[in-house]
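Report on the structure given below.
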Amino acid sequence: MLAFATTGVPTPGERNGTIKFTLVDTNVGNDYNNETGVFVCRIPGLYQFFVSIEKQINVSQANCRLMLNNASTILIAARSAFIHSDGFQQAGNSIVLDLKKVKYNKFIY
């Protein structure tokens, strides 16, 4: 069995770059690399991915995509109707993928 779970604020990075979480709660099989933000599928099978993001104060939107070999699978977006919103907003999404041995999966923002 393989599983990984990350939490917390991602490390700062370039826009449209890979989201890298430094706090890894679970990493059974060590297939998630927190230095690169990449999950490598070594064992084919069904995998479920769940993502939750939060838009911070004074930011109009926050979004990310789950990428599978550079192809987008799902989009997660938290948006505000106001450019300088004084509140937080949260969004989540999930997907089940039938993965073969793949090079990588990653989240970008």
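Per UniProt numbering, residue 1 is the first one in the sequence shown, and the count goes up by one each step.
Virtual Cβ for every residue (Gly too), placed ideally from N, Cα, C.
Treat the numbers as computed from the prediction; the structure is a model and nothing was measured.
| query | result |
| --- | --- |
| Integer-rounded CB distance, given that Y32 should sit under 8 Å from F4 | 4 Å |
| For G29, the nearest candidate out of T22, L23, F39 (CA to CA) | F39 |
| Closest by C-alpha distance to M67, when choosing among P44, L99, F88 | L99 |
| Residue environment, R65, which counts as buried when at least 16 other CB atoms sit within 10 Å | buried |
| As assigned by DSSP and simplified to three states, the class of I19 | coil |
| A71, buried or exposed, once every other Cβ within 10 Å from all chains shown has been counted against 16 | exposed |
| Three-state class that DSSP yields for I43 in the structure shown | coil |
| Where M1 sits in the DSSP three-state scheme | coil |
| Cα-Cα separation between Q56 and V96, rounded to whole angstroms | 28 Å |
| Range covered by the beta strand (DSSP E) that runs through V9 | Neither: V9 is in no beta strand (DSSP E) and is coded neither H nor E. |
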